[in-house]
Amino acid sequence: METPDTPADTPAETTIAAKDWAAASAEPQYRAAVVDLLGALAYGELAAFERLAEDAKLAPSLEDKAELAAMASAEFHHFEQLRARLTTIEADPTAAMEPFAAALDEFHRQTAPSDWLEGLVKAYVGDSIASDFYREVAARLDTDTRELVLAVLDDTGHASFAVEKVRSAIEAEPRVGGRLALWARRLMGEALSQAQRVVADRDALSTMLVGGVADGFDLAEVGRMFTRITEAHTKRMAALGLSA
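In the numbering used here, the protein residues as written are 873 to 1116.
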């Protein structure tokens, strides 16, 4: 919390992060950034629901199919929460999602898995990178919006499920590991490019991300953010038994 002797150059996100939505949304640019953020998240959750439902068709057992169906249901519930919040703040959910639909659809088209294991790795790696990105943004949000964003980023159980299944597959057939490591590296590159486009294409969102810099975003800060995301990815790869 700010004190009277807080330096004048304290980042703008410090003041926003201490406010609730009613106070923070009085700033039009901040409100526009939050609508963008919730729209991107909402479409991401809707796409995740669709993808998990499709992946369930590749499941090798009925038990695996049921697990993925439950995760898909959780993703759709997250989408409903975000859609409801957009409506509450008098933003049109469809209009908020639309700017992000084409890019996310293209990402999923370019990274369509060819089998069950690739689908698991994609969900684990791709979704985790997206979650890391949005958690970085959440640190700069008002208290109400931050609470919602962190809630919808909660793991639906896919992480532990994917790690268990992928590690078991590699133990059973070690050469699978090389193929999945290459696949995960490709996903990492595509996911980071996707996140960078989200930042660069939406002025209000990019400005908020680096603390309200009025004349554009600080490339050094964005670089540090993506370095942290890359480091987290390396740890997840190790958890899968794959090299980054």
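Ideal Cβ positions, reconstructed from N, Cα and C, are used throughout, including at glycine.
- Item | Limits of the unbroken alpha helix (DSSP H) element including D964 | Annotation for D964: no alpha helix (DSSP H) segment contains it, and DSSP assigns it neither H nor E.
- Query: Once you ignore the five residues that flank G916 on each side, which residues in its own chain have a CB closer than 8 Å to its CB?
  - Reply: Exclusion of the five residues before and after G916 leaves F972, L976, A1002 as the residues of its chain whose Cβ lies within less than 8 Å of its Cβ.
- To the nearest angstrom, how far is it from the Cα of L958 to the Cα of E990? Each residue's CA atom was taken as its position, placing L958 and E990 some 33 Å apart.
- Looking only at its own chain, which residues have a Cβ that is under 6 Å from the Cβ of A928, when we skip the five neighbours before and after it? Taken in chain order, the residues that qualify are K937, L940, A941.
- Message: If you follow the alpha helix (DSSP H) that G911 is in, where does it begin and where does it stop?
- Response: Per DSSP, G911 is one residue of the alpha helix (DSSP H) stretching across 900 to 927.
- Message: Quick check on this structure: which residue in A1034, R1051, T1015 has the alpha carbon closest to the alpha carbon of L992?
- Response: Check the Cα spacing between L992 and each of A1034, R1051, T1015: the tightest is with A1034.
- Item | Enclosing alpha helix (DSSP H) for L992 [first to last residue] | In the DSSP assignment, L992 falls within the unbroken alpha helix (DSSP H) covering 988 to 1010.
- Task: Decide if the region 1106 to 1114 is in contact with the region 1033 to 1049; the criterion is three or more beta carbon pairs, one per stretch, under 8 Å apart.
- Result: The answer is yes - the region 1033 to 1049 touches the region 1106 to 1114, with three or more Cβ pairs under 8 Å.
- Message: For K937, report the span of its alpha helix (DSSP H) as first-last.
- Response: Per DSSP, K937 belongs to the alpha helix (DSSP H) from 934 to 960.
- Can you tell me whether D1027 is buried or exposed, with buried defined as 16 or more other CB within 10 angstroms of its CB? It is exposed - the Cβ of D1027 has fewer than 16 other Cβ atoms within 10 Å.
- Spatial distance of I1101 from F1005 (CA atoms): In a straight line, the C-alpha of I1101 is about 7 Å away from that of F1005.
- Message: Check whether the region 1013 to 1023 and the region 887 to 902 touch, using three or more Cβ-Cβ pairs below 8 Å as the test.
- Response: Three or more Cβ pairs drawn from the region 1013 to 1023 and the region 887 to 902 lie within less than 8 Å of each other, which places the two stretches in contact.
- Task: Find the nearest neighbour of V997 within the set A1010, A967, V1038, V907, judged by alpha-carbon distance.
- Result: Among A1010, A967, V1038, V907, the Cα nearest to that of V997 belongs to V1038.
- Item | Selected residue, minimal CA-CA separation from M1109, among D987, G1095, I1042 | Comparing alpha carbon positions, the residue from D987, G1095, I1042 closest to M1109 is I1042.
- Can you name the start and end residues of the alpha helix (DSSP H) that S1032 belongs to? It spans 1030 to 1044 - the alpha helix (DSSP H) in which S1032 sits, taken as one unbroken run.
- Assign S1078 to one of three DSSP states: helix, strand, or coil. In the structure shown, S1078 sits in a helix (DSSP, three-state: H, G or I).
- Query: Along the chain, where does the alpha helix (DSSP H) that runs through T1015 open and close?
  - Reply: Residues 1015 to 1024.
- Query: Would you say A914 and A968 are within 8 Å of each other, going by their C-beta atoms?
  - Reply: Cβ distance < 8 Å, so A914 and A968 count as in contact.
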